[in-house]
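K.L.:
The structure that follows is given in the form of structure tokens.
2 protein chains.
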Amino acid sequence: MLDGALDALRDHGVTGTSARTIAAAAGVNQALVFYHYGSVDELVGAACRQATEQRVAHYSDRFAAVTSLRELLQVGRELHASELAQGNVSVLAQTLAAAQSNARLAEPIRATFQLWTTEIEAVLRRVLAGSPIAEVADVPGLAQAISSAFVGLELFEGIDPDGGRRAMEAIDQLAVLVEVMDELGPLATRVLRSRIKKAGKR
Amino acid sequence: MLDGALDALRDHGVTGTSARTIAAAAGVNQALVFYHYGSVDELVGAACRQATEQRVAHYSDRFAAVTSLRELLQVGRELHASELAQGNVSVLAQTLAAAQSNARLAEPIRATFQLWTTEIEAVLRRVLAGSPIAEVADVPGLAQAISSAFVGLELFEGIDPDGGRRAMEAIDQLAVLVEVMDELGPLATRVLRSRIKKAGKR
DNA sequence: GTCTATAGTAGGATAGAC
DNA sequence: GTCTATCCTACTATAGAC
Numbered sequence: 057m058l059d060g061a062l063d064a065l066r067d068h069g070v071t072g073t074s075a076r077t078i079a080a081a082a083g084v085n086q087a088l089v090f091y092h093y094g095s096v097d098e099l100v101g102a103a104c105r106q107a108t109e110q111r112v113a114h115y116s117d118r119f120a121a122v123t124s125l126r127e128l129l130q131v132g133r134e135l136h137a138s139e140l141a142q143g144n145v146s147v148l149a150q151t152l153a154a155a156q157s158n159a160r161l162a163e164p165i166r167a168t169f170q171l172w173t174t175e176i177e178a179v180l181r182r183v184l185a186g187s188p189i190a191e192v193a194d195v196p197g198l199a200q201a202i203s204s205a206f207v208g209l210e211l212f213e214g215i216d217p218d219g220g221r222r223a224m225e226a227i228d229q230l231a232v233l234v235e236v237m238d239e240l241g242p243l244a245t246r247v248l249r250s251r252i253k254k255a256g257k258r
Numbered sequence: 057m058l059d060g061a062l063d064a065l066r067d068h069g070v071t072g073t074s075a076r077t078i079a080a081a082a083g084v085n086q087a088l089v090f091y092h093y094g095s096v097d098e099l100v101g102a103a104c105r106q107a108t109e110q111r112v113a114h115y116s117d118r119f120a121a122v123t124s125l126r127e128l129l130q131v132g133r134e135l136h137a138s139e140l141a142q143g144n145v146s147v148l149a150q151t152l153a154a155a156q157s158n159a160r161l162a163e164p165i166r167a168t169f170q171l172w173t174t175e176i177e178a179v180l181r182r183v184l185a186g187s188p189i190a191e192v193a194d195v196p197g198l199a200q201a202i203s204s205a206f207v208g209l210e211l212f213e214g215i216d217p218d219g220g221r222r223a224m225e226a227i228d229q230l231a232v233l234v235e236v237m238d239e240l241g242p243l244a245t246r247v248l249r250s251r252i253k254k255a256g257k258r
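Below, the structure is given as structure tokens:
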């Protein structure tokens with residue numbers, strides 16, 4: 057039935073997801089939603105949670121093998137492509153939107169989202185070790201910015217696939233910038249540190 | 057009634073927005089939605105369109121005065137704060153999510169979203185003039201990436217305000233990186249060009 | 001143009017048979 | 001645990017009075 061909930065979110069969106077559509081997708085009776093989960097919202101929350109745990113576990117090895125920002129982005133793009141095909145990230149984006157005005161859904165979705173952010177944060181901490189970026193940048197904040205941006209792109213791609221692809225390419229080019237930055241040597245590092253420090257006092 | 061539609065989206069989210077809630081917010085009768093707009097979706101599309109046109113016009117002067125990436129981000133943050141308080145960008149995010157599985161809403165929302173992207177693109181083109189970034193980066197793609205990321209952050213902030221704030225800070229620090237990059241002089245520019253070229257052949 | 005009234009449909013939730 | 005049956009509510013959309 058958890059799978060049925062995901063299917064319903066994929067096929068009908070948040071607005072078209074109900075106890076009835078979920079039950080139909082799962083091939084069971086509508087009353088079971090309430091018997092097992094109490095409400096539709098709780099079922100949706102549980103389904104997102106479980107699905108995300110599985111996806112994160114599935115990509116765990118990939119993330120662990122990442123040694124640079126570009127590789128992180130590369131994994132991100134693969135993940136984007138495969139999850140888009142399965143509609144998984146779209147489901148998360150849907151529920152994230154629904155959670156805005158649904159207090160019952162907010163906390164479960166926040167926790168689910170945190171699963172991705174935590175994974176990205178660990179990679180960032182490893183990849184940025186020794187980099188001047190790590191000294192000044194807030195790594196958890198950066199991780200959240202990245203996963204948020206990812207969701208935004210996902211939503212955008214849903215209504216404009218071509219534009220979404222171009223946006224992804226552009227981000228790829230930005231990642232090159234940051235890496236080059238990191239490889240410019242001590243002079244650049246010094247300039248960078250002082251500039252960021254100055255900017256921080258603004 | 058267009059305002060009523062926005063109020064309804066703000067207060068009840070996409071799932072709770074109906075001809076009835078819109079009419080109640082506007083202080084009129086529910087039947088008028090169908091008389092004037094034919095369907096709820098078309099009213100919502102029109103409302104988003106009009107509201108976004110007004111907001112874009114309102115920030116037009118600000119965008120025109122921007123001369124650097126950091127200033128662009130600064131305007132973006134002000135915009136974020138003021139629109140968050142009014143709930144406007146959240147409305148756009150809500151409808152963007154709804155449009156994923158609603159063909160009738162997809163095109164109007166895509167066009168609405170394009171209003172912001174076009175504005176950002178113009179600023180980028182001006183700010184990045186003469187920069188090595190502009191030579192290799194796809195400016196329209198970058199503009200779409202930025203507005204997408206903005207929406208993602210907006211959604212995220214809705215369920216985790218503290219995390220959203222930290223993510224915004226982190227992006228601010230990244231912008232400093234890019235600017236420093238731009239100011240490192242010809243050596244860095246040369247390295248950058250060759251690296252991006254190489255990366256493009258990957 | 002705006003209202004009331006209403007038809008028809010879909011969803012949340014529960015009671016009770018099996 | 002799973003089903004049928006059912007109640008109540010809320011929604012879209014239309015017809016028709018004013």
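First to last, the protein sequences are chains A and B. Read in order, the letters of the first sequence are residues 57 to 258 in the numbering used here. Read in order, the letters of the second sequence are residues 57 to 258 in the numbering used here. The beta-carbon is built from N, C-alpha and C at its ideal position, and this holds for glycine as well. Quantities reported herein were computed from a predicted structural model and do not represent experimental measurements.
Roughly how many whole angstroms lie between the Cα atoms of T123 of chain A and D117 of chain A?
P.N.:
The alpha-carbon atoms of T123 of chain A and D117 of chain A are separated by roughly 12 Å.
K.L.:
Which parts of the stretch 66 to 123 of chain A are runs of the alpha helix (DSSP H), unbroken and 4 residues or longer, counting only runs that do not cross its ends?
P.N.:
DSSP runs (the alpha helix (DSSP H)) wholly in the stretch 66 to 123 of chain A: 75 to 82, 87 to 93 and 96 to 120.
K.L.:
Step through the CB atoms of chain A and report whether any lies within less than 8 Å of the CB of G60 of chain B.
P.N.:
G60 of chain B does not count as touching chain A.
K.L.:
So is S95 of chain B buried or exposed if we call it buried at 16+ other beta carbons inside 10 Å?
P.N.:
It counts as exposed.
K.L.:
Considering only their Cβ atoms, is the gap separating A61 of chain A from V112 of chain A smaller than 8 Å?
P.N.:
Their beta carbons are not under 8 Å apart, which means V112 of chain A does not touch A61 of chain A by this criterion.
K.L.:
Below 8 Å on C-beta distance, what does M237 of chain B contact in chain A?
P.N.:
Per Cβ cutoff of 8 Å: L233, V236 and M237.
K.L.:
Restricting to Cα atoms, I'd like to know which of B:T108, B:A121 and B:H114 is closest to V147 of chain B.
P.N.:
The residue with the shortest Cα to Cα distance from V147 of chain B is B:T108.
K.L.:
Taking the beta carbon of L186 of chain B as the centre, do at least 16 other beta carbons fall within 10 Å, making it buried, or is it exposed?
P.N.:
A small correction: the amino acid at residue 186 of chain B is Gly; Leu does not occupy that position in the sequence shown. G186 of chain B is exposed by the Cβ-count criterion.
K.L.:
Nearest to R126 of chain A by alpha carbon, out of A:Q229, A:E163, A:L135 and A:K254?
P.N.:
For the residues A:Q229, A:E163, A:L135 and A:K254, the minimum Cα distance to R126 of chain A belongs to A:Q229.
K.L.:
Where does M237 of chain A fall in DSSP's three states?
P.N.:
In this structure, M237 of chain A counts as helix in the three-state DSSP scheme.
K.L.:
What residues in the stretch 196 to 211 of chain B have a beta carbon less than 9 Å from any beta carbon of chain A?
P.N.:
Residues passing the 9 Å Cβ filter: P196, G197, L198, A199, Q200, A201, I202, S203, S204, A205, F206, V207, G208, L209, E210 and L211.
K.L.:
Taking CB distances under 8 Å as the criterion, tell me whether E127 of chain B reaches chain A.
P.N.:
False, the Cβ-Cβ gap to chain A never drops below 8 Å.
K.L.:
Which residue wins for smallest C-alpha separation from L135 of chain A, given the options A:F119, A:V236 and A:A149?
P.N.:
The residue with the shortest Cα to Cα distance from L135 of chain A is A:F119.
K.L.:
Are there three or more Cβ pairs, one per stretch, closer than 8 Å when the stretch 154 to 172 of chain A is compared with the stretch 208 to 223 of chain A?
P.N.:
No contact exists between the stretch 154 to 172 of chain A and the stretch 208 to 223 of chain A.
K.L.:
Apply the 10 Å Cβ neighbour rule to Q150 of chain B and answer buried if 16 or more other Cβ atoms are within range, or exposed otherwise.
P.N.:
The residue is buried, with at least 16 neighbouring Cβ atoms inside 10 Å.
K.L.:
From A81 of chain A to A75 of chain B, what distance separates their C-alpha atoms?
P.N.:
In a straight line, the C-alpha of A81 of chain A is about 28 Å away from that of A75 of chain B.
K.L.:
Determine the chain A residues that contact G2 of chain B at a beta-carbon separation under 7 Å, and present them in chain order.
P.N.:
Residue 2 of chain B is absent from the structure shown; chain B starts at 57 and stops at 258.
K.L.:
What is the rounded straight-line gap between the Cα of T71 of chain A and the Cα of Q86 of chain A?
P.N.:
So the two alpha carbons sit approximately 17 Å from each other.
K.L.:
Report, in whole angstroms, the separation of the C-beta atoms of V207 of chain B and G219 of chain A, which I expect to be a contact under 8 Å.
P.N.:
With a Cβ gap of about 13 Å, V207 of chain B and G219 of chain A do not count as contacting.
K.L.:
Taking only beta-carbon positions, decide if H114 of chain B is within less than 8 Å of chain A.
P.N.:
For H114 of chain B, the answer is no, since every Cβ of chain A falls outside 8 Å of its Cβ.
K.L.:
At the level of alpha carbons, what is the spacing between S203 of chain B and Y91 of chain A?
P.N.:
Taking the straight line from one Cα to the other gives about 42 Å.
K.L.:
Suppose you measure from the CA of G132 of chain B to the CA of T168 of chain A; what does that come to, to the nearest Å?
P.N.:
Going from the Cα of G132 of chain B to the Cα of T168 of chain A covers about 28 Å.
K.L.:
Excluding the 5 residues preceding and the 5 following A102 of chain B in the sequence, name in chain order all residues of the same chain whose CB lies nearer than 7 Å to its CB.
P.N.:
L58 and Y93, listed in sequence order.
K.L.:
Check the Cβ of N158 of chain B against every Cβ in chain A and list those closer than 9 Å, keeping chain order.
P.N.:
Simply G69, T71 and G72.
K.L.:
Considering only C-alpha positions, which residue in the set B:E139, B:E175, B:P196 and B:M237 is nearest to E225 of chain A?
P.N.:
Minimum Cα distance to E225 of chain A is reached at B:P196.
K.L.:
Just how far apart, CA to CA, sit M237 of chain A and D63 of chain B?
P.N.:
Approximately 46 Å, taken between the alpha carbons.
K.L.:
Comparing C-alpha positions only, which one of B:I227, B:R249, B:V247 and B:E210 sits nearest to A137 of chain B?
P.N.:
The candidate whose alpha carbon is nearest that of A137 of chain B is B:E210.
K.L.:
Whose Cβ in chain A lies nearer than 8 Å to the Cβ of V96 of chain B?
P.N.:
Neighbours of V96 of chain B on chain A: none; closest Cβ ~11 Å, over 8 Å.
K.L.:
Whole angstroms are fine: how far does the CA of L171 of chain B sit from the CA of Q106 of chain B?
P.N.:
About 11 Å.
K.L.:
In the DSSP assignment, find the unbroken alpha helix (DSSP H) run with L125 of chain A in it and report its ends.
P.N.:
Start and end: L125 to Q142.
K.L.:
Could you work out which residues of chain B lie near I165 of chain A, taking near to mean beta carbons separated by less than 9 Å?
P.N.:
Here the neighbours are I215.
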